[in-house]
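Numbered as in this note's numbering, the sequence shown ends at 478 without a single skipped number. We treat Cβ as the ideally placed atom computed from N, Cα and C, and that holds for glycine. Bear in mind that the values here come from a model prediction, so they are computed numbers and not experimental data. Working notes, beginning with the structure itself.
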Amino acid sequence: MIPGPIEFEPAVLRAMGSATTSHVAPNFIESFGNSLDMMKSVWQCPSGQPFILAGSGTLAMDSAAANLVEQGDKVLVISTGYFSDRFADILKRYGAAVKVLKALTGGVVDTEVVENELQQTQYKVMVFTHVDTSTAVLVDPLPIGRLGKKYGVLTILDGVCSVAGEEIRQEEWGIDVVLTASQKAVGVPPGLALLVVSPDAIDKWKKRSTPVGSYYSDWSNWLPIMNAYSDRKPSYFGTPAVNLVAALEVSLQLILKEGLSTRFERHKRTGAAFRAGLSALGLAQVPLNNLVAANTLSAPLFPDGISGTGFLSFVSDQGVILAGGLLPEIKGKYFRIGHMGSVNKGDIITTLSAIESGLKHCGYSFIPGAGMNAALNILNV
Ligand code: PMP
């Protein structure tokens, strides 16, 4: 129950374990092409250009930054935690003049503050994180997408902890790049960096005046490959992660079979159940309120006097693996529970039960069963 890698569906793991074919074998070309098509559906971006690259989520961030930023370009980063700050570092590496608007820990930056900044300075790109995995804070992408269009600024959304878990309507919301990694709500073992890029962003990229500073990330190398696979033709630039792509095809099929609205609702219910369970146990959470709380993971604070290491290792002995804190400012004060992908009612109750056992073991007093009951009140409706 960590926020990625998540638990994977058996059908996805079976596809992953099947014989590795050539990257120009007909069945692989079909899998790659189908995956590109399905990404447009899952991202809800029919006119977008999908990219499937071998690498982790950080490569997806690197790819967006390397291709859309040139030396001296002004970039606004809206930071809600550790991963937004990482994005700022990547952008600086490609020469961007970065301004960071930092939210209070557990909060978001007000839309008016962002608009005020856009009125004062003409930015080329604006970057934000849908769910920052270090804080479990959820940002509403719609107003930021609208501001991007209003002020002619390209928007890049880090959706590593959200795509296929939190609602995303990339095209309708006017977001230029939505990127993720395979190991989270997309439900495929780690190793794929996935992006969908708007026609506007492709256009701006084509008009660059300097070459892209990263050879591997350069879309000039990858766009012809994506186009070839889309047309079900063989192609080669760098050997694709053949087995991961086979697994991606199966996982995207499962996601679309469940239905996007059903899947988003299921994640909302799961998130609400965890938050209710944790509150009933008296645990405060990093997100300042439910409106800014993610549905893909939760970030409860330890009650006073409870040490993270003692608690987490006891919970792990109960068979439930949770993650420690990540945001440097509050690292030892909280822990994280991932609940993306195929998490079901049994997983939620088992996790809350292990948390109750851990709290009891650490000498914390609470009403036994309160967490599980509060969660069940939400799950049983
Ligand atoms: N952004 C967010 C929001 C993340 O949660 C992560 C990974 N936890 C990353 C970026 C980086 O992804 P990766 O570890 O796959 O490089």
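Collapsing the DSSP output to three states places T218 in coil. Where R363 is concerned, the enclosing alpha helix (DSSP H) starts and stops at L357 to A377. Contact check for R372 against A396 fails: the beta carbons are separated by 8 Å or more.
Listed as beta-bridge partners of Q382 by DSSP are P397. By the Cβ neighbour-count rule, Q267 is buried, with 16 or more other Cβ atoms within 10 Å of its own. Measuring C-alpha to C-alpha distances from M469 to each of S454, H458, R363 and V293 identifies S454 as the nearest. Rounded to the nearest angstrom, the Cβ distance from P337 to F129 is 7 Å, consistent with a contact under 8 Å. Taking C-beta separations shorter than 6 Å and ignoring five residues to either side along the sequence, the partners of K199 in its chain run S176, following chain order.
Contact check for P100 against L394 passes: the beta carbons are separated by less than 8 Å.
Per DSSP, A151 lies in no alpha helix (DSSP H); the unbroken beta strand (DSSP E) holding it starts and ends at Q146 to A151. Residue range K171 to S176 is occupied by the beta strand (DSSP E) that includes V172.
Around the beta carbon of D414, fewer than 16 other beta carbons lie within 10 angstroms, which makes this residue exposed.
Using a C-beta cut-off of 8 Å, the segment 116-129 makes no contact with the segment 459-469, since fewer than three inter-stretch Cβ pairs fall below that distance.
K189 and S181 have their C-alpha atoms some 13 Å from each other.
Summarising the contact set, residues whose Cβ lies nearer than 5 Å to any heavy atom of ligand 1 are, in chain order, S153, G154, T155, F180, T230, D255, V257, C258 and A278. Ranked by Cα distance from H436, the first of L291, L424 and L449 is L449. Per the DSSP secondary-structure output, T230 pairs with nothing in a beta bridge. Contact between the segment 304-315 and the segment 252-264 is absent, with fewer than three C-beta pairs closer than 8 Å. Measuring C-alpha to C-alpha distances from G169 to each of R305, S138, A290 and F399 identifies R305 as the nearest. Within the model, the alpha-carbon separation for L150 versus D401 is close to 44 Å.
Taking the Cβ atoms as the reference, F105 lies roughly 6 Å from G284, within the contact range of under 8 Å.
When beta bridges are read from the DSSP output, F225 appears opposite I175 and L254. Rounded to whole angstroms, the gap between the alpha carbons of L173 and V211 is 9 Å. A distance below 8 Å between beta-carbons, with the five flanking residues on each side excluded, links L353 to the following residues of its chain, in chain order: M135, S138 and V139. At a Cβ-Cβ threshold of 8 Å, G154 and T307 do not count as neighbours.
According to the DSSP assignment, G154 belongs to the alpha helix (DSSP H) that extends over G154 to L165.
Below 8 Å, too few C-beta pairs join the segment 410-425 and the segment 349-369 to call them touching: fewer than three.
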